[in-house]
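Notes for the one structure printed next.
Protein chains in written order, with my numbering: chain A, 1 to 286; chain B, 1 to 273; chain C, 1 to 368.
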């Protein structure tokens with residue numbers, strides 16, 4: 001019986017090995033060579049890694065990425081929480097609200113970029129028009145701050161619904177009796193939130209945080225389509241940065257950078273795996 | 001209800017309406033733009049088309065490049081989902097029913113791949129697929145996307161399958177069903193929902209994926225995601241066209257949302273996104 | 001603690017829904033729960049207990065009627081404003097806090113000084129037997145202890161007027177149920193709590209409460225002490241509902257000197273017949289299984305029955321007996337015997353129905 005299991009798993013394993021394992025080996029190989037078009041690659045050991053880590057451009061991309069992810073988490077989790085708390089618990093409006101929330105989540109990322117391009121481009125967008133009317137300055141293509149904020153706004157627009165849906169599901173799972181008891185105990189809305197709602201949302205919030213942490217760290221299509229990574233490098237996040245290097249055939253550098261990038265994500269993945277399976281054992285949503 | 005609570009409820013309502021308004025405005029704007037002439041887009045700011053036109057859509061339907069890329073996308077996505085499900089279903093069954101040496105580690109390794117940034121695979125994929133002669137074909141993208149979709153499908157399917165009691169399998173075998181009969185007649189109907197969720201998520205991911213699709217294609221297999229990126233930084237971008245293309249790419253998602261509208265929240269909590 | 005009263009309380013959910021045809025979940029309820037008394041609200045599922053519970057606690061405002069606490073009209077007040085505490089079917093505790101903080105929570109919200117809080121918490125903890133657990137995270141307690149914490153939060157405030165217990169033993173391990181129920185009773189007595197224990201389990205109700213109100217189909221059908229309900233039921237339903245197994249109810253015809261059923265007659269003494277103050281006619285006879293004298297020996301006035309089921313209950317046996325009649329539906333009753341009486345299925349035994357334990361009902365009301 002046990003051997004049978006492997007038969008079931010082998011087709012998948014073969015495809016994954018070719019699709020995943022082999023490529024990683026290639027990357028590891030390249031990362032240790034200096035590759036120049038035309039001539040044979042020269043082995044340079046860990047030199048590429050050193051170069052990447054010392055490169056201010058790389059470090060810039062990393063810090064930009066961390067800042068972005070941090071802002072994303074702060075805004076999306078708190079906004080998501082607020083919206084979920086405001087949503088009706090039952091009645092006619094529940095279904096339409098949930099559908100509206102689902103739509104941004106199913107839009108292809110590239111189209112999200114397009115939507116926001118049309119929305120924020122000077123001369124044709126709504127946001128520049130608003131600024132014009134209010135007498136301010138806004139230019140997503142020329143101003144670094146505007147560009148970065150717009151990408152942030154885009155991500156918040158795109159992904160907050162995920163947090164909302166998760167928290168909403170969590171809230172539905174809290175029996176009314178707890179709120180009744182808190183009312184009898186004389187707790188005001190803040191204390192009820194702090195001692196009843198929040199503890200019971202622990203598992204969904206963790207899930208939401210981990211998912212957004214992982215995915216925001218890999219953001220690629222949206223900045224590419226909205227700002228092309230610019231102006232300059234203002235919105236060149238890690239994925240974009242490494243992709244550029246790969247496209248410009250700096251293969252050794254790009255491979256090393258990829259591995260470092262992968263390593264960062266791996267560490268976070270491992271933590272995520274441990275935490276999420278622990279929640280799963282405890283019985284998903286509390 | 002106390003007056004304070006009533007006031008809070010009113011603020012909540014206003015907050016919600018504001019939020020949903022902001023949520024739908026950008027989509028509306030794209031829709032709006034897609035039905036305008038380029039001249040109107042560039043010269044005026046209008047909340048709805050003063051001169052309504054479907055010419056952008058017509059142009060797309062008539063363009064071999066656009067229609068070709070829609071076709072390419074559909075092709076490799078379907079191919080990918082097919083292959084993914086074929087290998088993931090047996091694998092998920094193995095994970096959910098049997099404990100075998102290294103199963104936890106294997107499972108974890110699978111998840112890692114899902115988490116990996118796609119950019120890492122740009123370089124090796126290019127090499128591998130060109131050496132296989134598959135560069136710039138739909139096969140390249142279909143196979144490349146397996147990297148992410150197989151772990152996702154196995155993860156989801158394993159979850160659903162574990163929800164079906166093992167006793168069902170055992171009873172069927174005692175009753176004399178062969179494994180194939182058991183699987184097709186008994187097990188499969190039970191996990192239909194799980195397969196649906198897995199298929200949907202894999203479809204969505206593959207439809208949307210940009211990095212690998214861009215890397216592995218140039219002309220012959222260029223998907224719609226890539227065609228949409230055309231014109232960034234270039235002069236004279238045809239905004240109306242872009243809007244129309246965007247709206248069309250939205251359609252698979254909108255269709256799905258319509259069909260699952262009643263199960264959305266339930267599905268999300270169960271679907272382990 | 002206080003006295004809680006319902007006057008002409010009725011509630012229909014259809015009114016809010018705007019329907020024409022009304023179904024009354026509770027109908028014209030008049031009841032007083034006295035201060036410091038252990039009360040129970042007992043009834044089968046669907047009788048309206050939950051609706052009553054929600055009206056008492058303030059979660060629901062009745063369509064008609066008024067609710068009074070110590071004479072004050074509180075019908076329109078919210079739960080918090082009424083100061084009625086509740087213990088739910090499952091333990092409701094703040095699992096992010098330790099036991100001390102759980103108990104202190106209501107007082108902290110009321111901005112009581114911390115020294116006063118400490119004194120009260122320690123006192124309540126001692127009564128509840130939780131002194132050793134004060135520093136424990138409340139999530140680590142077992143369900144019985146958690147319920148005690150729930151109760152503790154209810155009684156710790158001085159302005160609590162009453163405690164509602166909504167089937168509080170539901171999730172408690174069966175082995176711990178008896179003990180917890182016993183402890184609840186002791187606490188109620190010691191602190192003079194006005195308690196209303198809502199349940200469908202008569203054993204819980206009868207062992208906890210001094211006054212029990214029985215509900216059926218939205219109405220209160222009888223209020224009394226457990227003993228009163230047991231020995232003096234107002235209707236066949238109550239006779240049958242109380243007791244395990246319940247009272248046997250038989251249809252018969254009352255005559256001048258006996259009661260005749262289809263299968264046999266029961267003779268009366270003149271005194272007994274005089275006490276039954278109605279004319280001859282159709283009626284129902286009620287007698288408890290424990291009151292029937294079962295013997296293997298035929299004596300004067302006993303009636304033969306055939307045993308079809310013998311249930312061994314540990315300290316006694318329950319016999320299900322039939323008497324065949326012309327129609328196919330046999331008369332079926334239950335009797336109770338000592339554990340050492342050896343009986344088996346198919347055997348014939350002789351039953352005597354002692355007068356003093358007979359109950360007579362007519363049109364669903366107690367006559368005697």
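Yeah, the Cβ is synthetic: ideal placement off N, Cα and C, and Gly gets one too.
Nearest residue (CA-CA) to residue 54(B), options 199(B), 133(B), 140(B), 32(B)
Stepping through the second chain from its first residue, residue 54(B) is reached at position 54. Ranking 199(B), 133(B), 140(B), 32(B) by Cα distance to residue 54(B) puts 32(B) first.
Classification of residue 161(A) by the beta-carbon crowding that lies within 10 angstroms, buried from 16 upward:
Position 161 of the first chain, counted from the first residue, corresponds to residue 161(A). Classification of residue 161(A): buried, given that the 10 Å Cβ count is 16 or more.
Name the chain A residues whose beta carbon is nearer than 7 Å to that of residue 96(B)?
Working through the second chain from its first residue, we reach residue 96(B) at position 96. What residue 96(B) touches in chain A: nothing, since even the nearest Cβ is about 10 Å away.
Burial state of residue 76(A) (16 or more Cβ within 10 Å)
Here residue 76(A) refers to the residue found at position 76 when the first chain is read from its first residue. It counts as buried.
Which residue marks the beginning of the beta strand (DSSP E) containing residue 283(C), and which one marks its end?
Working through the third chain from its first residue, we reach residue 283(C) at position 283. Membership of residue 283(C) in the beta strand (DSSP E) is indicated by the continuous run 281-287.
For a cutoff of 8 Å on Cβ pairs, would you count residue 185(A) as touching chain C?
As a working note, residue 185(A) is residue 185 in the first chain. Interface with chain C (8 Å Cβ-Cβ cutoff): residue 185(A) is included.
Is residue 18(B) close to chain A, meaning its C-beta is less than 8 Å from at least one C-beta of that chain?
On the second chain, residue 18(B) is found 18 positions in, with the first residue counted as 1. So no, residue 18(B) is outside the interface.
Would you say residue 148(A) and residue 235(A) are within 8 Å of each other, going by their C-beta atoms?
To locate residue 148(A), count along the first chain from 1; it is residue 148. To locate residue 235(A), count along the first chain from 1; it is residue 235. Yes, the pair counts as a contact, with Cβ atoms nearer than the cut-off.
Residues of the region 23-37 of chain A whose Cβ lies closer than 7 Å to any Cβ of chain B, in chain order
Answer in chain order: 23, 26, 27, 30.
Keeping to the same chain, check which residues put their C-beta closer than 6 Å to that of residue 225(B); ignore five residues upstream and five downstream.
Counted from its first residue, the second chain places residue 225(B) at position 225. Excluding the 5 residues flanking it on each side, residue 225(B) has same chain C-beta neighbours closer than 6 Å at 210, 213, in chain order.
Look up residue 260(C) in the DSSP assignment and give the residues it is bridged to.
Counting from 1 along the third chain, the entry for residue 260(C) is found at position 260. According to DSSP, residue 260(C) bridges with 253(C), 265(C).
Quick one: Cα of residue 21(B) to Cα of residue 14(B), how far?
Locating residue 21(B) in the second chain gives position 21, where the first residue counts as 1. Locating residue 14(B) in the second chain gives position 14, where the first residue counts as 1. C-alpha separation (whole angstroms): 10 Å.
Ordered list of alpha helix (DSSP H) runs contained in the region 119-145 of chain A, each at least 4 residues:
As far as the region 119-145 of chain A is concerned, its whole alpha helix (DSSP H) runs of at least 4 residues are 126-134.
Residue 215(C), DSSP secondary structure in three states
Stepping through the third chain from its first residue, residue 215(C) is reached at position 215. Strand at residue 215(C).
Please classify residue 189(C) as buried or exposed, where buried requires at least 16 other C-beta atoms within 10 Å of its C-beta.
As a first step, residue 189(C) is located in the third chain; it is residue number 189 there, counting from the start. Result: exposed.
Can you list the residues of chain B that residue 48(A) reaches, using a CB-CB cut of under 8 Å?
Position 48 of the first chain holds residue 48(A). Those within 8 Å of residue 48(A) in chain B number zero; the least Cβ separation is about 13 Å.
C-alpha gap between residue 91(C) and residue 168(C), whole angstroms:
Along the third chain, one-based indexing puts residue 91(C) at 91. Along the third chain, one-based indexing puts residue 168(C) at 168. Rounded to whole angstroms, the gap between the alpha carbons of residue 91(C) and residue 168(C) is 8 Å.
Under 8 Å between the Cβ atoms of residue 185(A) and residue 109(C)?
Locating residue 185(A) in the first chain gives position 185, counting from the first residue. Locating residue 109(C) in the third chain gives position 109, counting from the first residue. Yes, they are a contact pair.
Identify the contact partners of residue 144(A) in chain B, using a Cβ-Cβ distance below 8 Å as the criterion.
Taking the first chain and counting its residues from 1, the one referred to as residue 144(A) is at position 144. Within 8 Å Cβ-Cβ: nothing; residue 144(A) doesn't reach chain B, min ~17 Å.
For residue 57(C), report the span of its alpha helix (DSSP H) as first-last.
Position 57 of the third chain, counted from the first residue, corresponds to residue 57(C). For residue 57(C), the enclosing alpha helix (DSSP H) starts and ends at 49-57.
Give me the chain A residues within the contact set of residue 80(C), using Cβ-Cβ distance strictly less than 7 Å, ordered along the chain.
In the third chain, the residue the question calls residue 80(C) occupies position 80. From the beta-carbon of residue 80(C), the residues of chain A found nearer than 7 Å are 183, 184, 186.
Residues bridged to residue 336(C) (per DSSP)
Along the third chain, one-based indexing puts residue 336(C) at 336. Residue 336(C) pairs with 318(C).
Where does residue 286(C) land, buried or exposed, given buried means 16+ other C-beta within 10 angstroms?
Against the third chain, residue 286(C) aligns to sequence position 286. Classification for residue 286(C): buried.
If residue 210(C) sits next to residue 225(C), beta carbons under 8 Å apart, how far is it from one beta carbon to the other, in whole angstroms?
In the third chain, counting from the first residue as 1, residue 210(C) sits at position 210. In the third chain, counting from the first residue as 1, residue 225(C) sits at position 225. Correct: roughly 6 Å between the Cβ atoms.
Give me the Cα-Cα distance between residue 295(C) and residue 303(C), rounded to the nearest whole angstrom.
Counting from 1 along the third chain, the entry for residue 295(C) is found at position 295. Counting from 1 along the third chain, the entry for residue 303(C) is found at position 303. If I take the Cα positions, the gap works out to 10 Å.
From residue 104(A) to residue 268(A), what does the alpha carbon distance come to, in whole angstroms?
By one-based count along the first chain, residue 104(A) stands at place 104. By one-based count along the first chain, residue 268(A) stands at place 268. In a straight line, the C-alpha of residue 104(A) is about 26 Å away from that of residue 268(A).
In the DSSP assignment, what are the bridge partners of residue 294(C)?
Along the third chain, read from residue 1 onward, the residue named residue 294(C) stands at position 294. Residue pairing from DSSP places residue 294(C) in a beta bridge opposite 351(C).
Are the region 231-240 of chain C and the region 72-79 of chain C touching by the rule of at least three beta carbon pairs closer than 8 Å?
The region 231-240 of chain C, when compared against the region 72-79 of chain C, does not touch it at the 8 Å Cβ threshold.
Which residues DSSP lists as bridging residue 190(A), in chain order
For the purposes of this step, residue 190(A) is identified with residue 190 of the first chain, where counting begins at 1. Beta-bridge pairing links residue 190(A) to no other residue.
I want to verify the contact list: residues of chain C whose CB lies under 7 Å from the CB of residue 177(A), in sequence order.
Locating residue 177(A) in the first chain gives position 177, counting from the first residue. Here the neighbours are 88, 92.
Residue 208(C): buried (16+ other C-beta within 10 angstroms of its C-beta) or exposed?
Residue mapping note: residue 208(C) aligns to position 208 of the third chain, counting from 1. Residue 208(C) comes out buried.
Answer yes if the region 124-133 of chain B comes into contact with the region 58-74 of chain B, meaning at least three C-beta pairs across the two stretches below 8 Å, and no otherwise.
Taking a contact to require three or more Cβ pairs closer than 8 Å, the region 58-74 of chain B and the region 124-133 of chain B do not qualify as touching.
Any idea what DSSP makes of residue 232(B), helix, strand or coil?
Within the second chain, numbered from 1, the residue matching residue 232(B) stands at position 232. With a pLDDT of 43 at residue 232(B), under the threshold of 50, the predicted position of this residue should be treated as unreliable, though the coordinate-derived value follows. The answer is coil: DSSP assigns residue 232(B) none of H, G, I, E or B.
Residue closest to residue 440(C), alpha-carbon to alpha-carbon, out of 288(C), 133(C), 256(C), 300(C)
A question about residue 440(C) goes unanswered here, because the residues of chain C that appear run from 1 up to 368.
Does any residue of chain A bring its CB to less than 8 Å from the CB of residue 243(B)?
Taking the first residue of the second chain as 1, we reach residue 243(B) at position 243. Yes - at least one Cβ of chain A is within 8 Å of the one on residue 243(B).
Closest Cα partner of residue 23(A) within the set 51(B), 249(B), 154(B), 119(B):
Walking along the first chain from the start, residue 23(A) turns up at place 23. Measuring from the Cα of residue 23(A), the nearest candidate turns out to be 119(B).
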